[in-house]
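Protein chains in written order, with the working numbering: chain A, 391 to 722; chain D, 27 to 346; chain X, 12 to 643; chain G, 75 to 362; chain H, 676 to 1010.
The block underneath contains the structure these notes are about, expressed in structure tokens.
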Amino acid sequence: MSVLNTEGLKAYYIIDVLGEKRYVRAVDDVDLEIRENEIYGIAGESGCGKTTLIKTLFGMVEPPLNVMDGKVKYKMNAEYADIFAMDNKRMREIRWEYISYIPQGSMSVLNPVQKVRYSFEHFIKAHRRIRNKEEEFIKPVERHLQALGLPVQILDSYPHQLSGGMRQRVTVALATVLQPKIIIADEPTTALDVVMQRGVIQLLKDVQSSLKNTIIMVTHDMGIHANIADRIGIMYAGKMIEEASTEEIFGNPLHPYTQYLIGSLPKIGDKSYKTSAPGAPPSLINPPEGCRFYPRCDRATDECKAAIPKLVEIEPGHKAACFLYSGVKEDE
Amino acid sequence: MSSKLIEVNGLTKVFRVGSLFSRVRLTAVDNVSFDIKDADIYTLAGESGSGKTTVSRIILGLLEASEGEILYKGKNIMNIKSEREKKEFRKDVQAIFQNPFETFNPLRTVENYLYETQKNFLGVDASDSIDGIEQALTAVGLTLDDVKEKYPSEFSGGQLQRISIARALITQPSLLIADEPVSMVDASLRMSIVNLFKELKDRYGLSVLYITHDLATAYYVSDKIAIMFRGNIVEKGSVEKVLDSPKHPYTKMLKESIAQPDPRDKWDSRVDLHLTEREEYMLKGCKFAGRCPHVMERCRTEEIPDFDIDGVTVKCLLYQ
Amino acid sequence: GGQQETGKEPSQEPGEKPAEEPGGKPAETGDVSRSETFIVDVLGGRVTTPENFNVWAQTWRTPDRGVQQLMLEPLWIVEYVTGEVINALAAEGPEYNEDFTKMVVKLRQGMYWSDGVEFTADDIVFDVELVKATEGMSYHTEFNTYVDKVYAEDKYTVVFEFKEGNSRFHTFFVDRWGGFRPFPKHIFEEVDDPVSFEFNPPISSGPYVLKDYDPGGYWTRWTKREDWQKTPTGALYGEPVPKEVVFYYYGNPEKKVLAQAQHEIDLIEVTSETLKAILEKSDTSRAYRKEYPYFVNVDPCITGISLNADIEPYNNKDVRWALTLAIDIVEELGTSFDGMATMGCLAVPPTPVYLEWYYKPMEEWLRSFELDIEVDGQKFKPYDPEATKRLTEYIKSRGYELPSEDEEELKQIFGYGWWKYAPDVAEKLLERNGFKRDNSGKWLLPDGSPWKIHMVTGTNPSNIGYRHVFAVQQAWKKFGIEVEVETTENAATLTQHGDFDATGTWPALEPWGGHPDMYRTLRSWHSKFYKPTGEPNVGHVSRWHHPDMDKVVDELEGLDWDDPKVIENGIEGLKIAVREMPSIQISGYPGMVSFDEQYWTNFPGAENPYCQPYHHWPNLKYMLPFLKPTGN
Amino acid sequence: MAVLRELLRDGKFTFAFTVMSILIILAILSFFSPYDMSIWNVVPRDMPPSAEYILGTNSKGQDVFWEMTVAIKNSLIMAVIAAFFSRLIAIAVGLLAGFKGGMTDRTLMSINDSFIVLPVLPILILLGAILKERLNMIVLGLILAIFGWAWDARLIRSQTLSLREREFTNTAMLSGQKVYELIFKEYLPFVIPIVSATAINNMFWAVGMEVTMAILGLSNLTIPTLGTMMHWAISYQAMLLGYWWWIATPVVVSVLLFVSLYLLSVSVSQYLDPRTRIQRIGTAKVVK
Amino acid sequence: MSFIKRYLLPRLLQYFLVIFVGITVVFIVPRLTPVDPVQEMINTITQRGAYMDPEAIEQLRQSMKEMYGLEGTVFSQYISLWRRLIIGDFGPSLSQFPTPVVKLIGISLPWTLGLMLVTTLLSWIIGNILGGIAGYFSSSRWSAAIERFMMVLRPIPYYIFALILLLVFGYVIPIFPIAGGTSIGLKIQFSWKVIADLLRHAILPALSMILLGMAGWFQTMRLVMSNIVREDYVMYARAGGLRDTKIAFNYVIKNAMLPQVTGLALSLGQIFGGAMVTEMVFSYPGIGGLLYTAINAGDYNLIMGITMFSILGIATGALLVDLLYPLFDPRIRYR
Ligand SMILES: Nc1ncnc2c1ncn2[C@@H]1O[C@H](COP(=O)(O)OP(=O)(O)OP(=O)(O)O)[C@@H](O)[C@H]1O
Ligand SMILES: Nc1ncnc2c1ncn2[C@@H]1O[C@H](COP(=O)(O)OP(=O)(O)OP(=O)(O)O)[C@@H](O)[C@H]1O
Ligand SMILES: [Mg+2]
Ligand SMILES: [Mg+2]
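This is how it looks when you write it as structure tokens:
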């Protein structure tokens, strides 16, 4: 059962350069189906559109970002609702109650001039009526923090008094305090040291296993994906190019880009030479015609140049968008 | 291969931090010593805030040490005062920084830095010769045409990182200090940069001080490693020895915490995260004592000396 | 001194309306209605020491918030409308001995201080001695210089004995916007330091006493004395009508307009433009003259341009005359006051009394006066008796109606005449002194450098000097001289130090105003006061001096001021000033007052000039008995 | 030119630019004035606007339109001089103090703070007295420059302090740049937006000061400026006598001048703000 | 404590240095002007007609110089200035000799403080709140309208603006008095009538300052806001479904206020300098008008007294901001 799916989602940044409109095709025709009670990882080169995809899923679409096409549907009360069709009030209500968000760069998402306590208070009060502060706010929050293994004292700290890792964990705690159905996390571990990284991931995993909800997690750290994701989608230049279970992605990558990605991962105890994908990521304003990876692909054919391959199921539960495996093209 | 290129002895740096009513001395780097040989890639790893960047800044002369000495080719560089000598040193020791997008002034074209470096250190004006620049760019797989008249925002992170390295190479330095050059980039870019270090070392005999907390790439690329924790080097030695069989409890924890890019190799234990960094800095004895599973009473009170165990130096009483 | 022959009618018989509240207690706040209150402006502006009524300290404080108008009576006071010197606290004029080494003053009897103590010769003796003894009090230097002894011969007679002869010593006691006014002995003898003493509550010798004052310094309120009869005002003119008089400073001229348009102020002095605005806005407001040209033509000051005759090239008589002839009087008065002024070419104000005393007798001489330069083979006669006519032509062209068709009457209002507008003669005068014009027609000094006149004036646009400076600047520019006007708050210092070429400061010192004696005016030109430019000046700012003038002044000193020969002597002095042109007199001070007839009428307007019309002159107290309430 | 074209697509900028251009054209027109503004009574007095006298005439007998053109010219010259020189000082002090730190910083900031603390208006009044008739627009501009830099120097200093922490400072040092090179090549470009925004604010302030001084009668009243125009109109009671064209002209012009300066500053600083600029230029301009 | 040594002492040193320099400038500048207090005094006395014997004037000049302490070199005057200032003696006013400067200031200062404290605070609060709201809801129509209004309001020359207010509310609709600080006959004491009267007189001057001051704060606030609304924590709060008003006040305005606090402290410091033009337009008693007369009269001691208050005010304001800023902004540490 999917809790969230997208159909042909297109989200472009529209920028005006000297009177000429340019489209940054950051999310270009993405179909997703996220299931209940799973951790879905999204990986890809930097700048390929991961954050944009997440924002679109969350309905945080503000200029210059525009949704050009497609739908994002949430399953609510056994029905699917398109978030772009909701009014502001409804959208405000489902946030945090139904779907919450752990943004990229936790360093600066907490209000620097208020104690962490107030962030909790505001986020909760926005959705719950609190009559008895002690019973309905302070105690539950403290319980929540304890359950996550966080010290209660952080409530009385200012964000700058906390280390980066701690702040990131506060955002995790904030995102889970109302026990939403879906949690979206955008690179929650980047710029943390490995021990901290592990702490944060551990926390997310704990939350998921107790709430049995869905986590969508973006990171380019394949190690993290390997550790917690159930399924992984690989993005390249605004498109989803492969999607499979974690084991499949690491054990049997199909798309040449994924192969490069997996093949170049260093490991302790292994000093053999690793190569990485040649060339540079493509521009999202003028992406290559046809398959967007073909300029960097050593197995590219003329077909790759001419048409865009569609993400189709190659093996059960394993989708890829590559003409090496299927001839299905994206319809124009 | 055996001569010491740079030798850091007993380096200590104290910062004063705090607010109006709680002002503390923070020993960000505490009696750190290590040395780097010619054509050696030396990794400095450790948790956030352990003092890695501070060490590199002191070596580069961008910060003043509180104590200790740094011998470069046998000469104490802390005493350098004259501009000429400083310049000579900088010509020999160059650096690249963590964040490629921050390395260059976003309001200037990148090529400027290349010309300036050549002009200032080699005295060669760009209008006379650009051979050195071309050569450096070739070494990182770029050409001058790729770089010309472009602002930092017009490059990808990987490209900027390469340009940054190229700039450092123009002076044909003996030592390159790379402070977390890969933390902001994705896996495939990471490898291309690290590969570049290897190549430069092999081809030009360059030494690299590679600062990172990505132990996997450290293992992949370097010869020696030092693990820092709260201002101390807790363990140092050849990278294989240290990472294959870590000795210090912190190194062990570090290694365990690495997320292996292999779904079959998931974490099986849990980590215990400690709350306050400040307090750990304040500890008298071993700063890891608060979290160490093997902690002894003495760990908290005594100065912990270094111990040598089969070619690895460890700062832990377990190895007394 | 002229004894006052009052053709004036007090509006009320004394005692007709008995004071409602007996006893010296001031009335409760606010229970005096507006219709019984007379509200006037404060010329000096906001008082920064509102609680201090000691005007005998050298700094003089702001005396025109009622202190000089209502609270204090002098020995004598000039009334320049009628041309008399009124005996106030003095019973009659001073009596000097032969060589002016002794002066006897008889005091008016039955005068009382407001606290019930009688005013006697002891007060004067005490006052003079205290002032002599106290540094920092006004007249300390004067009294020490001249007074050898002062004593009371009897209760009402004071005798002064001088160290040297001084025929004008009594003028220190003549109030003409200043002068020594007696203070109460019984108060001051208790005081340790009469300089820092605040004299609060003040004891008055005039018809009103202080009721209260604004701690912020904007208003001061006075209430009529129960025993107003025991003051010179009461004795001379009867009961002052308003129960209370408030001195209220409203600020900038536009505020005064608004205040009067709302009937919040009965008497103000403003600029010609402001007056125009008031007359437009308020039906009940009237000027001194009910119709055009509105202005007060009785002010005893002559205005114009002072030149620094001590420096090149203004030390040259020809240059001074050239500058005078380069001014077209009609254009000047048009620019500065839209024609509303009395032109005056002599160093004496063209008020009705001085016209009579000097202008008329001198007219023949003026007509025939020749400059030492030939035009068309004839000596040039600079006087222009037609100037008045030209001015009235201008006035007509501006669309105003002339106040009269009668030439004589027009001459009374607009003056007898002025100098000709003769730029050609001016040019000749300059050229014969080596001045040249450059290619663009600009004048060069004899040494070939460009001629630039540095004019100095204050920053207040309602100042008459300010208006003249800008108007004359125009004239001289037109003539081809570069002129720069500096408006500065320090104009006084600059002119006193001679740091100017031309300024709007009084071109001649005012005479007494109500007396034909020219001593005050002419003496300031005496060479004994000459100080070179740069040093602070003591005589006239022009620093001009001439042996002939010295002689006139010395002669004058030997004459009693009531001696009929004084006028002859004055004419002699004025002739010298015309020949030498030390400074350029242009017009009388065209005061612009506005009376509001909402609550009070029978103001001393041009149709009934029983008294000077200003609120700031000390004679205001003599206006009050004649005011009539409208009953509004 | 491209920059201008881009800026012109901003409605606010276009408005401001148009108004500014008109004002500048008017200022230039002043050189072709048929009248010498120092001469009075060249036209009939107190005439309301008409075909002959577009903006009427004043009580001094001058054509208000031409007086206005000269006033705009003078006020602009004064404001530009004030802004330009105060920027020079602010940049030099701010960059030096921010970069050097330590004693240099302390000393410079003490001087700087002393200037912040000084009461400007009284001192201007006093200086006006010292300079007397030499107080022309250029001198006034220079004096205002002396009092107008301190606050902005502080801004530049704090900007520099944060720039000093940025990585490219180190890159520059490792490229062998000397201190002055570093300051001018690396930091100056960052400081320019502050400089341009504050320059406009400073002009704003300078014109305001001039108006205040003139209304108090303390500037050189023979030179037509926006301030002296108001001074004359006020002292001749233009407002109460209904000569609205005389008083309204300088008021409207200065409001227009300020509004257009403000809008210019807003849109220029928006344009120069790296964050919005990135949006405009587009981060996605990736090579090939 | 090392805080004292490393931070507080240098900061205090700087504070005193700034005051020292400020006072020195204020000492020197009036003495460079041609204005001579003695001459101005003599002029006031003689100009309107008080007859003084020319010979006496010369002697008077000497004795006044002596009394005013203006004898001797400028340097020795300067030294004696400090000797006096240190014991808090500003000396006598020269133009109102021998009234002490302190007394003159004491008469005017309450008016100025009362008026300006209220107007400074009110314009700051209103300007910032409006600016904050307009900055947050920058796309709404009324926000654009209010912005335009402020944009046009702010540059209206203050004098003209005040005059128009005065005309409208003092004349056309005469609901407020046009001059002074009290009604005729008012005795200052505590009663509602007195307070109402004081307020009635203060309203127009206050209004003029509040309106124009507010426009200034509005614009700076608006500018700061436009930066803050793009901060990550604002986006995050929006992602959390917080209500707009909550975000506007707790997240955006609160942060945007921080730089404004510095401005407020300095403006509060400036209060002691008075509002010269306001006081002149509205004929309101206060320190600004006093300063103006002092300058015109060349009253060195009074100029020094008033400007010293203002220098102390601003310097102290700046000092307090530096010391107290961490209370407002938890991120700031003392450097
Ligand atoms: N505000 C914006 N305006 C224009 N282009 C933008 C904007 N934000 C992002 N982009 C562009 O959209 C593309 C996708 O950006 P996005 O942030 O989604 O990438 P990402 O995959 O999250 O990268 P990273 O790993 O660096 O976070 C990039 O090319 C980026 O340059
Ligand atoms: N200028 C400074 N003033 C005060 N404290 C500082 C300063 N620079 C660094 N520190 C502190 O010193 C400690 C060491 O910092 P450093 O940047 O050297 O760590 P690092 O190992 O490079 O960390 P990271 O991996 O996060 O880059 C940190 O706690 C940091 O907060
Ligand atoms: Mg991202
Ligand atoms: Mg670091």
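From the three backbone atoms N, C-alpha and C, an ideal C-beta is built for every residue, glycine too.
Given the structure is predicted, the values throughout are model-derived calculations rather than measurements.
*Going along chain G, which residues have a C-beta under 7 Å from residue 708 of chain H?*
200, 203 and 204
*asked:* Would residue 442 of chain A and residue 462 of chain A qualify as a contact pair, given that the criterion is a beta-carbon distance under 8 Å?
replied: Annotated as distal: residue 442 of chain A and residue 462 of chain A, with beta-carbon spacing of 8 Å or more.
*asked:* Could you check whether the Cβ of residue 217 of chain D sits closer than 8 Å to any Cβ belonging to chain A?
replied: yes
_With a threshold of 8 Å between beta carbons, is residue 580 of chain X in contact with chain H?_
no
*Taking C-alpha atoms, which residue in A:526, A:485 and A:638 lies nearest to residue 572 of chain A?*
A:485
*In angstroms with no decimal places, state the Cα-to-Cα distance between residue 50 of chain X and residue 277 of chain X.*
5 Å
_For ligand 2, is there any heavy atom lying closer than 7 Å to the beta carbon of residue 206 of chain D?_
yes
_Is residue 214 of chain G close to chain X? Criterion is C-beta to C-beta, closer than 8 Å._
Interface with chain X (8 Å Cβ-Cβ cutoff): residue 214 of chain G is excluded.
*Are any of the Cβ atoms in chain X nearer than 8 Å to that of residue 880 of chain H?*
no
_Residue burial classification, residue 285 of chain X (beta-carbon count within 10 angstroms, cutoff 16)_ = buried
*How about residue 549 of chain X: is its C-beta nearer than 8 Å to some C-beta of chain H?*
yes
_Chain-ordered residues of the segment 967-981 of chain H with a beta carbon less than 8 Å from chain X_ = 968, 970, 971 and 973
_Cutoff 6 Å; reference residue 37 of chain D; Cβ partners in own chain excluding five residues on either side_ = 55, 58, 91 and 94
_Could you tell me which whole beta strand (DSSP E) segments of length 3 or greater appear in the segment 213-249 of chain D?_
List check, beta strand (DSSP E) in window: 233-237.
*Take residue 654 of chain A and list the residues in its own chain whose beta-carbon comes closer than 6 Å to its own, dropping the five residues that flank it on each side.*
664 and 666
_What does the alpha-carbon distance come out to for the pair residue 331 of chain X and residue 318 of chain X?_
8 Å
*Since residue 366 of chain X and residue 427 of chain X are thought to touch, with beta carbons under 8 Å apart, how far apart are those beta carbons, to the nearest angstrom?*
7 Å
*asked:* Once DSSP output is grouped into helix, strand and coil, what is the label at residue 171 of chain X?
replied: Residue state, collapsed to three classes: strand.
*Note down the Cα distance separating residue 643 of chain X from residue 610 of chain X, rounded to an integer number of angstroms.*
Roughly 6 Å between the two C-alpha positions.
*Roughly how many angstroms separate the alpha carbons of residue 888 of chain H and residue 829 of chain H, rounded to a whole number?*
About 8 Å.
*Just checking my contact of residue 482 of chain X with residue 343 of chain X at CB under 8 Å: how many whole Å lie between their CB atoms?*
5 Å
_Can you find the residues in the same chain that come closer than 6 Å, C-beta to C-beta, to residue 767 of chain H, ignoring five residues on each side of it along the sequence?_
773 and 775
_For residue 793 of chain H and residue 359 of chain G, the rounded distance between their alpha carbons_ = Because residue 359 of chain G carries a pLDDT of 26, less than 50, the predicted location of this residue cannot be relied on, and the following value inherits that uncertainty. Going from the Cα of residue 359 of chain G to the Cα of residue 793 of chain H covers about 53 Å.
_Three-state secondary structure (DSSP) of residue 684 of chain H_ = helix
*So is the beta-carbon of residue 79 of chain D under 7 Å away from any non-hydrogen atom of ligand 2?*
yes
*asked:* Looking at the strands, I want to know which residues DSSP matches up with residue 98 of chain D.
replied: D:32 and D:101
*Are the CB atoms of residue 227 of chain D and residue 71 of chain D nearer to each other than 8 Å?*
no
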